[in-house]
Each structure stands twice: as C-alpha cells, then as structure tokens.
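S.K.: Each position in the sequence shown, counted from 1, maps to that position plus 50 in my numbering.
Structure in structure tokens, see below.
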Amino acid sequence: MAENDLNPVDLRSFINKDRRYERAEALIKGAWEELLLSQPWGMTTINMADVQFAEALLQANLVQPVKQKFETLADVQQFIQANSVRLTPDVIASLKGRFDM
Numbered sequence: 051m052a053e054n055d056l057n058p059v060d061l062r063s064f065i066n067k068d069r070r071y072e073r074a075e076a077l078i079k080g081a082w083e084e085l086l087l088s089q090p091w092g093m094t095t096i097n098m099a100d101v102q103f104a105e106a107l108l109q110a111n112l113v114q115p116v117k118q119k120f121e122t123l124a125d126v127q128q129f130i131q132a133n134s135v136r137l138t139p140d141v142i143a144s145l146k147g148r149f150d151m
C-alpha cells in the first residue's frame, strides 16, 4: 500500500461522502461551524477519529481547498486555538504530543 492510499474504511467513506467524510472535510476546509449549522443534531465535539481521517484525506490529497493542515506545530496550535471549545482533551493531548521534545 502506498503512503497516500486510504484504508478500505476510509475509502468507503470517501466514495460515499458519508457523515464521517463530511466531518473530516469540514476540518480540512475550516468549515466546522457551517457543518454544525447545516446538521445541528449531530455530534458537535471534534474527536480523534475526525482528525485522523482528515489527516488521511490530506495525505491522499483528496480534499480541496485545504485551509487546515496538521504538519507543523504552528498548524496544530492554530487548529487548537480556533477549535478549543469543540476539542476533546485526548485530541488536544495527542496533537500537542507530536511536537513534545
């Protein structure tokens, strides 16, 4: 499997453009609030699965335009700051932990 290939579950979500895909796409495009407004009864918290799928889509270069990446400490800090009220503690810890020295 090439580095930018999606696993079967992620590929199915991408093809079907299901709710899981919509959540990851909203993170990448910086459109989380718009997603919540269009579907107000869904889960409003950003969880680790959302971030991981968004990263897989970014790596496969499947979502455009890209407003949010998770490659640098600055990217992660900006994401946490912009979404702090929506992030679970495990997401914040995991994202920050990538850059601990």
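Using N, Cα and C, we set each Cβ at its ideal position, and we do this for glycine too.
Tell me, which residues are paired with Ile96 by DSSP?
M.R.: Bridge partners of Ile96: Leu137.
S.K.: By a C-beta neighbour count over all protein chains shown, 10 Å radius and 16 as the cutoff for buried, is Ser63 buried or exposed?
M.R.: buried
S.K.: For Val116, collect the residues of the same chain with a Cβ closer than 8 Å to its Cβ; drop the 5 residues on either side in sequence, then sort them by chain order.
M.R.: Taken in chain order, the residues that qualify are Ile78, Lys79, Leu108.
S.K.: On the CB-based measure, 16 or more other CB atoms within 10 Å of its CB, does Val135 come out buried or exposed?
M.R.: exposed
S.K.: For the putative contact between Glu75 and Val113, defined by C-beta atoms under 8 Å, what is the C-beta separation to the nearest angstrom?
M.R.: 5 Å
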